[in-house]
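**Student:** Numbering (my numbering) for the sequence shown: 2 to 411.
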Amino acid sequence: MKSQNAKFQSENHFIREWNGIEFHLSIPAKVTHSNKPFIYFYWPDPARQGNLERARKGGIGGVKDTRLSVRKKAVSAVDAIIQMLSKGWNPFTNTYVNIGVHVDLTAASPILKCLDVWIEHRQERRESKMIGKTALKNNKIVVGHFKKWLEAKGFTGRKIGTFNSIDIDNFLGFKMNELKWGKVTYNTYRCDIGTFFSFLVKYKVVGESPVKDSVKKNTRHDSSRFAIYEEEELRTVVKLMEKDPAYFGLYVASKMLYLYNIRPVEMTRLQVGDVDWVKRRLILAPNKTKNESEAIFELNEEMYELLEKLVGNAPDSYFIFGHRCKTSLGQIDDQYFTQKFRYFRIKYDISSKLKFYALKHSSNFYDLQDGASFYSIMEKNRHASLQVTNDYIHNRLLKKIVRPTSNNRF
2 MKSQNAKFQS ENHFIREWNG IEFHLSIPAK VTHSNKPFIY FYWPDPARQG NLERARKGGI
62 GGVKDTRLSV RKKAVSAVDA IIQMLSKGWN PFTNTYVNIG VHVDLTAASP ILKCLDVWIE
122 HRQERRESKM IGKTALKNNK IVVGHFKKWL EAKGFTGRKI GTFNSIDIDN FLGFKMNELK
182 WGKVTYNTYR CDIGTFFSFL VKYKVVGESP VKDSVKKNTR HDSSRFAIYE EEELRTVVKL
242 MEKDPAYFGL YVASKMLYLY NIRPVEMTRL QVGDVDWVKR RLILAPNKTK NESEAIFELN
302 EEMYELLEKL VGNAPDSYFI FGHRCKTSLG QIDDQYFTQK FRYFRIKYDI SSKLKFYALK
362 HSSNFYDLQD GASFYSIMEK NRHASLQVTN DYIHNRLLKK IVRPTSNNRF
């Protein structure tokens, strides 16, 4: 009886990976005409704003096939699926979409042509809602940096197939010194240029990505970007911002970041109509949040009065943090707060290790120090799970100074 049950146990097999997508074979415990083995994988669904959804492809063997033969057929089936996906197949509708960009490139193609074709491809994916606006913007930024480096080095006519990891190291190192990038920014641009070369690998323009063997900065023990404010530093920043009318908008944004952990990119999307003045709530619709879930914030007396002062009588369509951090019709860039804070820091000779976004981490650090639970930290940060919160606390909420224990029993 025991061996018979084992015989009909369901099986799940990893077949292969392609461009970060894992393909698996699922074999049911008992194969029937209505319950056959199938391949499944996760793929961006255009109908769901490009969110990853589980896709499946059946017809992998029948009731008379052995499990070994099913696994062999699965390998061929996955190869066929990959070919279809690369040609624009939509696994959710079983139709082919017009990719819009025909990749007429080879290893002998000029680097500038390859960059232009990639941007066209990314633009098409943006229009199909398979990538976000920020992703496309970042792609264009890294291409701009790369082209300037190519021009400076006289490499604009080089063939794409001649680039190697040394070139990538030289490009990133050059821009790091020129623009004073930190290690985190360096790694971000390395990832972005890696996306470009992954595109070329996908369409078999080059055999492998030169980014793969390039240098990645070790940020494990680098806390410069996320340095926790000391309590005296927090008091100093608040006092200086509060008394300087030129930075009132930044003061409100800083309070919002510290009190509610509302991300800077989300603050740039806030409009006057998002405030429920009667219920004293700030409501972010799914299209304005990073995780695409509605978020509701209870406004305390301080934040209510600050928003009331900043907004004035502006209409609902105006952005709360508009041009020059004042309520206006124009929307600001998601890096505006960081730059504004940098000018504030320079003006008042504040330590360069203190960053705008570090106010969020400092808030969480002192919450924990005051006895807050991991769950409350998860809720405040709108993390997907406690595991994410645990990793966040472990990697971000650290101070280099070890304080003595308050236990005085010895």
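All residues carry an ideal CB built from backbone N, CA and C; glycine is no exception. Note that the coordinates shown come from a computational prediction; the quantities given were computed from them, not determined experimentally.
Kindly indicate which residue of L285, R264 and V266 has the alpha-carbon position closest to the one of V273.
**Tutor:** Position 272 of the sequence shown, counting from 1, holds the residue named residue 273. It is L285.
**Student:** Taking the straight line between their C-alpha atoms, what separation do you get for Q332 and A153?
**Tutor:** Along the sequence shown, one-based indexing puts residue 332 at 331. Along the sequence shown, one-based indexing puts residue 153 at 152. In a straight line, the C-alpha of Q332 is about 34 Å away from that of A153.
**Student:** Quick one: residues in its chain with C-beta nearer than 6 Å to the C-beta of E12, no 5 flanking neighbours on either side, listed in chain order?
**Tutor:** Here residue 12 refers to the residue found at position 11 of the sequence shown. I28.
**Student:** Among H362, K148, A109 and N262, which residue has its Cα nearest to the Cα of K291?
**Tutor:** Locating residue 291 in the sequence shown gives position 290, counting from the first residue. The candidate whose alpha carbon is nearest that of K291 is N262.
**Student:** Counting beta carbon pairs with one atom in the region 242-257 and one in the region 375-390, are three or more of them shorter than 8 Å?
**Tutor:** no
**Student:** Looking only at its chain, what residues have a beta carbon closer than 7 Å to the beta carbon of W119, apart from the 5 residues adjacent to it on each side?
**Tutor:** The count along the sequence shown starts at 1 and reaches residue 119 at position 118. Cβ within range, chain order: F197 and F200.
**Student:** Relative to the C-alpha of F147, which residue among F164, F172 and A247 is closest?
**Tutor:** As a position in the sequence shown, residue 147 is number 146, starting the count at 1. Here the closest residue by C-alpha is F172.
**Student:** Under DSSP, the beta strand (DSSP E) around A56 begins and ends at which residues?
**Tutor:** Mapped onto the sequence shown, residue 56 falls at position 55. From DSSP, the beta strand (DSSP E) with A56 extends over N52 to K58.
**Student:** If you check the beta carbons only, do L271 and M304 fall under 8 Å apart?
**Tutor:** The count along the sequence shown starts at 1 and reaches residue 271 at position 270. The count along the sequence shown starts at 1 and reaches residue 304 at position 303. Contact: no.
**Student:** Could you spell out the range, first to last residue, of the beta strand (DSSP E) harbouring S386?
**Tutor:** In the sequence shown, residue 386 corresponds to position 385, counting from 1. Here S386 belongs to no beta strand (DSSP E), and DSSP marks it neither H nor E.
**Student:** Output the distance between the C-alpha atoms of T33 and F39, rounded to the nearest integer angstrom.
**Tutor:** The sequence position of residue 33 within the sequence shown is 32, counting from 1. The sequence position of residue 39 within the sequence shown is 38, counting from 1. The alpha-carbon atoms of T33 and F39 are separated by roughly 12 Å.
**Student:** Whole-angstrom Cβ separation of Y43 and R57, contact assumed at under 8 Å?
**Tutor:** Translated into positions along the sequence shown, residue 43 becomes position 42. Translated into positions along the sequence shown, residue 57 becomes position 56. With 8 Å as the limit, Y43 and R57 do not qualify as a contact, their Cβ atoms being about 10 Å apart.
**Student:** Would you identify the three-state DSSP class for T96, choosing helix, strand or coil?
**Tutor:** Indexing the sequence shown from 1 puts residue 96 at position 95. In the structure shown, T96 sits in a strand (DSSP, three-state: E or B).
**Student:** DSSP beta-bridge partners for L151?
**Tutor:** By one-based count along the sequence shown, residue 151 stands at place 150. DSSP lists no partner for L151.
**Student:** In this structure, does DSSP put W19 in helix, strand or coil?
**Tutor:** One-based indexing of the sequence shown puts residue 19 at position 18. Residue state, collapsed to three classes: strand.
**Student:** Quick one: residues in its chain with C-beta nearer than 8 Å to the C-beta of L441, no 5 flanking neighbours on either side, listed in chain order?
**Tutor:** Here the chain covers residues 2 to 411 and nothing more, so residue 441 does not appear.
**Student:** Round the Cβ separation of I194 and V212 to the nearest angstrom and send it over; I've been treating them as touching at under 8 Å.
**Tutor:** Locating residue 194 in the sequence shown gives position 193, counting from the first residue. Locating residue 212 in the sequence shown gives position 211, counting from the first residue. Right, the Cβ-Cβ distance comes to about 6 Å (below 8 Å), so this counts as a contact.
**Student:** Kindly provide the ranges of any alpha helix (DSSP H) runs that are 4 or more residues long and lie completely inside the region 168-206, ordered along the chain.
**Tutor:** 184-203
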